[in-house]
Amino acid sequence: EVVRLSGPREQLPLGGPRRQTLSSSSMSGACIAEYTARVVVTGAAGRLGGKIAAALRATGRHVIAIDRAPEPSGPAPRAWDEYVQCDLAGAYKGDARTALVEAVEGADAVVHCAAWPGPSATPPPAVSLELGTQAARSIGLETIAPGRILRDNLAMTHALCDIAVEARVRRFVFSSTAFAMGWSHATSGPQALTPKYLPMDEAHPPQPTETYGLSKLLCEEALAAAARTASSSSFVSLRFTNVIKSENWAKLPWPAPTAEQPLPLVFWARPLT
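Every number in our numbering is 883 more than the matching position in the sequence shown, counting from 1.
Following this line, the structure appears as structure tokens:
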């Protein structure tokens, strides 16, 4: 996981429910008010956004979930306090923008997970064709065209960023990907990760080899541009590797991670020459 920080550094860390004491000369004492931090989580119907929304709500935050899918139903505990169905790819205008503006208004933070969450399975090749169809099903390649992944992921992030800055949201957290660094599912050939030096750090130049990684890198750059002028908002991008649901951990070729023994981060790369 690579973290990229930008924006104002003086921002206070986002807390959970906290007490504020409001005093007034016309009052004989103090008025105590409970304030609950409001957090918008996009892509909340997905595997990463849903887990983040549930974790935030468990700590007492008021979670506003946003997803293009209808609100999920079922026996699972509710992971949010409000649910807004909105296609962020079209949120630069019309009803989608209105819905997004209303959802973000008054929020303390935004966690942006909504995206086409993986490389495309269609040419130009997003991953090594040697992986085959079985590997493609395991990885979960997207069936849409690479150009749409590029267009939609950037459009979603740009629209949400503009609205968040306008609403003076204090913290914007972006779910990026190691694919933006150049990581891929290929273990050899031109699409394999080829670091310029090791260990890779934040100063290492990004070198995506497919459209999904490129889309996330462009989203990072859009947020970095906003951070240069946003006086009330700070931004952070987290570059995740593959996200696997906890219910699928038993299928991994190693023991499931625990808090005491977390799974080490593993990359594979072409040898440096």
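Beta carbons: idealized from backbone N, C-alpha and C, even for Gly.
Fair warning: this is a prediction, and the values are worked out from it, not measured in the lab.
Euclidean distance between Cα positions of LYS1128 and GLY929: Answer to the nearest angstrom: the Cα atoms are 10 Å apart.
Cβ neighbour criterion (16 or more within 10 Å) applied to ALA1018: Low local confidence applies: a pLDDT of 47 at ALA1018 is under 50, so the model's placement there is unreliable, and no value is given.
Range covered by the beta strand (DSSP E) that runs through THR925: For THR925, the enclosing beta strand (DSSP E) covers residues 921 to 925.
Alpha carbon of ARG961 to alpha carbon of ALA998, nearest angstrom: Rounded to whole angstroms, ARG961 to ALA998 spans 22 Å at the Cα level.
Run of the alpha helix (DSSP H) containing ASP1045, from where it starts to where it stops: Its alpha helix (DSSP H) spans residues 1029 to 1049.
C-alpha gap between PRO1145 and ALA1133, whole angstroms: Linking PRO1145 to ALA1133 through their CA atoms gives a straight-line distance of about 15 Å.
At least three beta-carbon pairs within less than 8 Å, the stretch 942 to 953 to the stretch 920 to 929: At 8 Å Cβ cutoff, the stretches touch.
Element boundaries [alpha helix (DSSP H), containing ASP978]: It spans 977 to 987 - the alpha helix (DSSP H) in which ASP978 sits, taken as one unbroken run.
ARG1111 - DSSP class collapsed to helix/strand/coil: For ARG1111, the secondary structure class from DSSP, reduced to helix, strand or coil, is coil.
Cβ-Cβ separation, VAL946 to ALA992 (assumed contact under 8 Å), whole Å: In this structure ALA992 does not touch VAL946 by the C-beta definition: roughly 10 Å separates them, more than the 8 Å allowed.
Nonlocal neighbours in the same chain, by C-beta distance under 6 Å from ASP970, ignoring five residues either side: For ASP970, same chain residues with a beta-carbon under 6 Å away, outside a window of 5 residues either side, are ARG951 and ALA979 in chain order.
Own chain partners of PRO1088 with C-beta closer than 6 Å, once the 5 adjacent residues on each side are dropped: Here PRO1088 has no same chain residue with a Cβ atom under 6 Å from its own Cβ, once five neighbours each way along the sequence are excluded.
For VAL1048 and SER1116, believed in contact at Cβ under 8 Å, the rounded distance: Contact between SER1116 and VAL1048 holds, with the beta-carbon distance rounding to 5 Å and staying under 8 Å.
Helix, strand or coil at ARG944 [DSSP, three-state]: ARG944 falls in the coil class under three-state DSSP.
Three-state secondary structure (DSSP) of SER906: Unreliable positioning characterises SER906 in this predicted model, as indicated by a pLDDT of 37, which lies under 50. A coordinate reading is not provided.
Residues bridged to SER1059 [DSSP beta-bridge criterion]: Answer by DSSP bridge pairing, in chain order: ARG1122.
Exposure label - GLU1085; buried when at least 16 CB within 10 Å: Flag for GLU1085 reads exposed.
SER906 versus ILE935: straight-line alpha-carbon distance, rounded: Here SER906 scores only 37 on pLDDT, less than 50, and its place in the model should not be relied on; the value that follows carries that caveat. Those two C-alpha atoms are separated by around 36 Å.
The beta strand (DSSP E) enclosing HIS995, as first and last residue numbers: Its beta strand (DSSP E) spans residues 992 to 995.
Per-residue DSSP class, three states only, for PRO891: Confidence in PRO891 is poor, its pLDDT being 43 and thus under 50, which makes the residue's placement unreliable; the coordinate value appears in the next sentence. In this structure, PRO891 counts as coil in the three-state DSSP scheme.
Validate contact between the stretch 1094 to 1107 and the stretch 1058 to 1071 using beta carbons, cut 8 Å, 3 pairs: In the pairwise beta carbon analysis, the stretch 1094 to 1107 is classified as touching the stretch 1058 to 1071: at least three pairs are separated by under 8 Å.
DSSP bridge partner residues for ARG951 (one or two, in chain order): DSSP lists no bridge partner for ARG951.
Coil, strand or helix - TYR1080 by DSSP: DSSP places TYR1080 in coil when its eight states are reduced to three.
Cβ neighbour criterion (16 or more within 10 Å) applied to TYR1095: Residue environment: TYR1095 is assigned as buried (16 or more neighbouring CB atoms within 10 Å of its CB, all protein chains considered).
Check whether VAL1126 and PRO1002 have beta carbons under 9 Å apart: Cβ distance not < 9 Å, so VAL1126 and PRO1002 don't count as in contact.
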